[in-house]
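Chemist: Below you'll find the structure I mean.
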Amino acid sequence: MSNPFLSIIIPVFNTEKYLRQCLESVVSQTFKEMEIICIDDGSTDGSSKILEEYAEHDFRIRLIHKQNGGLVSVRKLGVSEAKGRYIGFVDSDDWIDPVMYERLCNSAMEQDADMVSSSYWQEGEYTNISKDAVASGVYEGNRMSELRDHAILDIEKHDKGLSGSLCTKLFRTSILRDVMPQIPLDIKVSEDKVTSLTFLLESSRVVILDEAYYHYRINHDSMFHVDDPDYLLNYNTVYKYFRSLYSHRNFTEKMRIQAELYIVQFLIKGINTQLGFSFRNLMWIDPNWIDEPGLGKRVAIYGQGELARTYERHLKTNSEKCFAGYIDDHSSAIDGYDSVVIAVKNKEVAMKAKEKLTAEGIDDKKIFWFKQDEIFWKYVDAMGLGKEK
Numbered sequence: 436m437s438n439p440f441l442s443i444i445i446p447v448f449n450t451e452k453y454l455r456q457c458l459e460s461v462v463s464q465t466f467k468e469m470e471i472i473c474i475d476d477g478s479t480d481g482s483s484k485i486l487e488e489y490a491e492h493d494f495r496i497r498l499i500h501k502q503n504g505g506l507v508s509v510r511k512l513g514v515s516e517a518k519g520r521y522i523g524f525v526d527s528d529d530w531i532d533p534v535m536y537e538r539l540c541n542s543a544m545e546q547d548a549d550m551v552s553s554s555y556w557q558e559g560e561y562t563n564i565s566k567d568a569v570a571s572g573v574y575e576g577n578r579m580s581e582l583r584d585h586a587i588l589d590i591e592k593h594d595k596g597l598s599g600s601l602c603t604k605l606f607r608t609s610i611l612r613d614v615m616p617q618i619p620l621d622i623k624v625s626e627d628k629v630t631s632l633t634f635l636l637e638s639s640r641v642v643i644l645d646e647a648y649y650h651y652r653i654n655h656d657s658m659f660h661v662d663d664p665d666y667l668l669n670y671n672t673v674y675k676y677f678r679s680l681y682s683h684r685n686f687t688e689k690m691r692i693q694a695e696l697y698i699v700q701f702l703i704k705g706i707n708t709q710l711g712f713s714f715r716n717l718m719w720i721d722p723n724w725i726d727e728p729g730l731g732k733r734v735a736i737y738g739q740g741e742l743a744r745t746y747e748r749h750l751k752t753n754s755e756k757c758f759a760g761y762i763d764d765h766s767s768a769i770d771g772y773d774s775v776v777i778a779v780k781n782k783e784v785a786m787k788a789k790e791k792l793t794a795e796g797i798d799d800k801k802i803f804w805f806k807q808d809e810i811f812w813k814y815v816d817a818m819g820l821g822k823e824k
């Protein structure tokens, strides 16, 4: 296909288990004026065979095989090969709604936008929508400065700012071709964040959509769920790249504070879960939740996972509290606790759990949920970082 409106780039590396669902969601898009560039980054499972099968039956698919070189190398190659006016990315273990690119491309055409960004669904043990912390709408002129000042982190909201994910966005190809050569090949973490941030520095008009079309699969086999002794080195590479942007004409002092806090955030996450330390989540949960008035002495926990286990440890080491055990949706008959703490970090999911517990007969006043921001936000607030000077 010559000169399509859209090029979709799909990096593939050993995702045989999910690849068909991904490809089906892309070839079934209601938007048709596109090419699909699938790049096999040296897969050793059955991914290559699946790609060849789909390329044989859909003329829009261009299949490229290469030696394994990592995600950044694949994206660089894909951008250099793209023929479309705009570029989108889909990870091969995720999937997208049928109307995703129709909606994004229509917004790009209507507004002559350099970038269009949308929300996404997190798919795992439960489904949750993740939205940009910045308001939806069209950003240009002075509003572009406002967007950039909330791009890395939204300090006031203790939130992520503009999502870094490339897969929820549409990019003007002419700008992305200038941006991609700047991204170091040795960046192995936060690749999306540094790429989208660099692109934003060169953009003049951006559209933020409130709707979610992309489905991100929470894969517990991914790098963020395994020990990585090189974690600190990898984020040092990100930090050095951020520093290279400080002199950019559109990089503000607010952005520098955000960039450095972003690194702090991931250093803390590394201590908690990535470095392989024998102690985990040391700096993740604020222990002051245990002093909440009304909890009583005997505290039960609803939930599972690291948050629940951390709450349990806090209770067992507190001389004034007692761990009463775990309960589930059908535990209203269990006696011997003064309160129930919902050990779920996501507020929306926690409130649904609270509805279930009250429906089972547990007194609403005995149910507690605690917002657990990354603990460094306390110190950010105390220092007044991010506030107007």
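Quick note: the sequence shown uses our numbering, first residue 436, plus one each step.
Every residue, glycine too, gets a C-beta built ideally from N, C-alpha and C.
Keep in mind that this is a model prediction, so the values were computed, not measured.
On a Cα-Cα basis, can you pick out the residue from 513, 794, 802, 703 that is closest to residue 774?
Modeler: Nearest C-alpha to residue 774: 802.
Chemist: Indicate whether residue 799 and residue 721 have their beta-carbon atoms separated by less than 9 angstroms.
Modeler: Contact: no.
Chemist: Could you check how far apart the C-beta atoms of residue 438 and residue 482 are, in whole angstroms? I think they sit under 8 angstroms.
Modeler: Contact flag wrong, Cβ pair sits at about 29 angstroms.
Chemist: What would DSSP say about residue 577, mapped onto helix, strand or coil?
Modeler: Helix, per DSSP.
Chemist: Enumerate, from N- to C-terminal direction, the unbroken alpha helix (DSSP H) stretches of 4 or more residues contained entirely within the stretch 538–616.
Modeler: List check, alpha helix (DSSP H) in window: 577–583, 608–614.
Chemist: CB-CB under 6 angstroms to residue 652, same chain, minus the five flanking residues each way: which ones, in chain order?
Modeler: Result list for residue 652: 528, 529, 558, in chain order.
Chemist: Is the stretch 622–630 touching the stretch 564–574, taking contact as three or more C-beta pairs under 8 angstroms?
Modeler: Cβ pair count under 8 angstroms is below three, so no.
Chemist: Can you give me the Cβ contacts of residue 447 inside the same chain, cut-off strictly under 7 angstroms, excluding the 5 residues immediately before and after it?
Modeler: Excluding sequence neighbours, residue 447 sits near 454, 473, 474, 475, 476, 478, 482, 486, 527.
Chemist: Helix, strand or coil: which one does DSSP assign to residue 774?
Modeler: Looking at residue 774 - three-state DSSP - the assignment turns out to be strand.
Chemist: Taking 8 angstroms as the cut-off, does the stretch 571–580 touch the stretch 589–609 (at least 3 CB pairs, one atom from each stretch)?
Modeler: Touching, no, given that fewer than three Cβ pairs across the two stretches are closer than 8 angstroms.
Chemist: Please go through the same chain and pick out, in chain order, the residues whose beta-carbon is closer than 6 angstroms to the beta-carbon of residue 534, but skip the five residues on each side of it.
Modeler: 465, listed in sequence order.
Chemist: Per DSSP, residue 498 forms a beta bridge with which residues?
Modeler: The partner list for residue 498 (beta bridge, DSSP) reads 473.
Chemist: If you reduce the DSSP assignment to three classes, tell me which class residue 712 lands in.
Modeler: Three-state result, residue 712: coil.
Chemist: Is residue 833 near residue 677, with beta carbons less than 9 angstroms apart?
Modeler: There is simply no residue 833 to check, as the chain begins at 436 and stops at 824 in what is shown.
Chemist: Rounded to whole angstroms, what is the Cα-Cα separation between residue 443 and residue 524?
Modeler: Rounded to whole angstroms, residue 443 to residue 524 spans 6 angstroms at the Cα level.
Chemist: Give every residue of the same chain whose Cβ lies closer than 6 angstroms to the Cβ of residue 778, excluding the five residues on either side of it in the sequence, and list them in chain order.
Modeler: Cβ within range, chain order: 736, 738, 742, 743, 746.
Chemist: At the level of alpha carbons, what is the spacing between residue 458 and residue 733?
Modeler: If you take the alpha carbons of residue 458 and residue 733, they lie about 51 angstroms apart.
Chemist: When you measure from the CB of residue 693 to every non-hydrogen atom of the ligand COA, does any distance come out below 8 angstroms?
Modeler: The ligand content of the structure shown is nil, which means the ligand COA is not present either.
Chemist: Let me know the secondary structure DSSP gives residue 760 once reduced to three states.
Modeler: Three-state result, residue 760: strand.
Chemist: If you reduce the DSSP assignment to three classes, tell me which class residue 703 lands in.
Modeler: Helix.
Chemist: Quick one, are the C-beta atoms of residue 605 and residue 542 less than 9 angstroms apart?
Modeler: Yes, the pair counts as a contact, with Cβ atoms nearer than the cut-off.
Chemist: Hey, how far is the Cα of residue 608 from the Cα of residue 549?
Modeler: Going by the C-alpha atoms only, they are around 9 angstroms apart.
Chemist: Just how far apart, CA to CA, sit residue 623 and residue 669?
Modeler: Roughly 6 angstroms between the two C-alpha positions.
Chemist: According to DSSP, simplified to helix, strand and coil, what is residue 816?
Modeler: Residue state, collapsed to three classes: helix.
Chemist: Throw me the rounded Cβ distance for the residue 687 and residue 584 pair, which I believe falls under 8 angstroms.
Modeler: Yes, residue 687 and residue 584 are in contact; Cβ-Cβ is about 6 angstroms, under 8 angstroms.
Chemist: Taking the C-alpha atoms as reference points, what is the distance between residue 462 and residue 469?
Modeler: One C-alpha to the other measures close to 10 angstroms.
Chemist: Span of the alpha helix (DSSP H) holding residue 620?
Modeler: Looking at the DSSP string, residue 620 is not in any alpha helix (DSSP H), and its letter there is neither H nor E.
Chemist: What residues match up with residue 441 in a beta bridge as DSSP calls it?
Modeler: The partner list for residue 441 (beta bridge, DSSP) reads 469, 521.
Chemist: Compare the beta carbon distance of residue 618 and residue 780 with 9 angstroms and say whether it is the shorter of the two.
Modeler: In this structure, residue 780 does not lie closer than 9 angstroms to residue 618 by Cβ.
Chemist: Can you tell me whether DSSP reads residue 645 as helix, strand or coil?
Modeler: Of the three classes helix, strand and coil, the one that applies to residue 645 here is strand, per DSSP.
Chemist: Let me check understanding here. Comparing Cα to Cα, which of 532, 544, 634 lies closest to residue 649?
Modeler: Nearest option by C-alpha distance: 532.
Chemist: Around the Cβ of residue 460, are there at least 16 other Cβ atoms within 10 angstroms (buried) or fewer (exposed)?
Modeler: Buried: at least 16 other Cβ atoms inside 10 Å.
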